[in-house]
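Protein chains in written order, with our numbering: chain A, 189 to 304; chain B, 4 to 114.
Okay, structure first, notes after.
What follows is the structure, encoded as structure tokens:
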């Protein structure tokens with residue numbers, strides 16, 4: 189396994205269109221996270237899954253955003269009716285749940301979204 | 004809300020110099036990770052520190068977790084151009100899913 193993969197790497201869309209991103213985690217990892225990063229800032233948490241259950245969603249995640257992980261493997265993040273403010277790098281990370289409570293997250297290369 | 008402040012925001016040095024960057028919070032974290040990120044790529048995990056006062060070394064990089072687990076530092080000895088990048092710290096808590104990230108220190112090492 190070569191790590192977390194994300195597709196596409198770049199997406200340019202027009203305002204009002206819907207977009208969907210895919211993340212494939214490290215195969216043995218049961219936790220999957222989505223973050224958003226804008227220029228000059230660190231990643232901001234959006235949501236995370238443990239297996240197929242979505243356990244937490246940030247208030248940043250408006251109703252236009254939806255994430256799924258239907259079989260506990262890959263995940264998709266959909267943004268409906270995109271706005272220019274949605275332009276950002278969308279990062280996916282995965283980790284292995286440990287009873288120690290220490291969850292080291294490994295990131296994919298990100299999907300750069302540009303909304304025109 | 005837990006916040007992590009990183010300083011300095013930008014650092015530009017010559018090859019061979021030493022440097023230290025800082026990650027500070029008013030909150031306690033059960034673990035803290037340091038990442039390096041290059042433009043257009045995702046963050047790459049460098050180290051995790053867990054115990055207050057812990058020091059970890061990764062070649063020329065030395066990471067320290069504060070005694071109270073509220074702050075951390077990253078020291079680079081004899082910096083090289085390949086060290087150029089955005090250094091991010093991220094704090095986590097036991098049984099919490101998300102990590103809280105600082106806004107990073109952008110390091111430029113000039114040859």
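Think of the CB as a built atom: it goes at the ideal place given N, C-alpha and C, for glycine as much as any other residue.
Cβ shell of residue i (< 8 Å), same chain only, five flanking positions each side left out
{"i": "residue 294(A)", "result": "191, 192, 214, 217, 281, 282 and 283"}
{"i": "residue 16(B)", "result": "22, 82, 110, 111, 112 and 113"}
{"i": "residue 291(A)", "result": "219, 283, 284 and 285"}
Segment limits, beta strand (DSSP E) that includes residue i
{"i": "residue 285(A)", "result": "No beta strand (DSSP E) holds residue 285(A); DSSP gives it neither H nor E."}
{"i": "residue 64(B)", "result": "64-68"}
{"i": "residue 220(A)", "result": "219-225"}
{"i": "residue 245(A)", "result": "241-245"}
{"i": "residue 6(B)", "result": "Unbroken run through residue 6(B): none, as it is neither H nor E."}
{"i": "residue 94(B)", "result": "88-95"}
{"i": "residue 261(A)", "result": "Neither: residue 261(A) is in no beta strand (DSSP E) and is coded neither H nor E."}
{"i": "residue 194(A)", "result": "193-195"}
{"i": "residue 238(A)", "result": "232-238"}
Cutoff 6 Å; reference residue i; Cβ partners in own chain excluding five residues on either side
{"i": "residue 58(B)", "result": "67"}
{"i": "residue 19(B)", "result": "81"}
Chain-ordered chain A contacts of residue i [CB-CB under 9 Å]
{"i": "residue 91(B)", "result": "230 and 231"}
Partner residues on chain B for residue i, Cβ-Cβ distance less than 7 Å
{"i": "residue 253(A)", "result": "Under the 7 Å cutoff, chain B gives no residues; its nearest Cβ is about 15 Å from residue 253(A)."}
Residues near residue i by beta carbon distance below 7 Å, same chain, minus five either side
{"i": "residue 262(A)", "result": "210, 211 and 212"}
Under 8 Å from the C-beta of residue i: neighbouring residues of chain A
{"i": "residue 46(B)", "result": "231, 279 and 295"}
Are there three or more Cβ pairs, one per stretch, closer than 8 Å when the segment 34-43 of chain B is compared with the segment 240-253 of chain A?
Cβ pair count under 8 Å is below three, so no.
What alpha helix (DSSP H) runs, 4 residues minimum, are completely inside the segment 18-73 of chain B?
none
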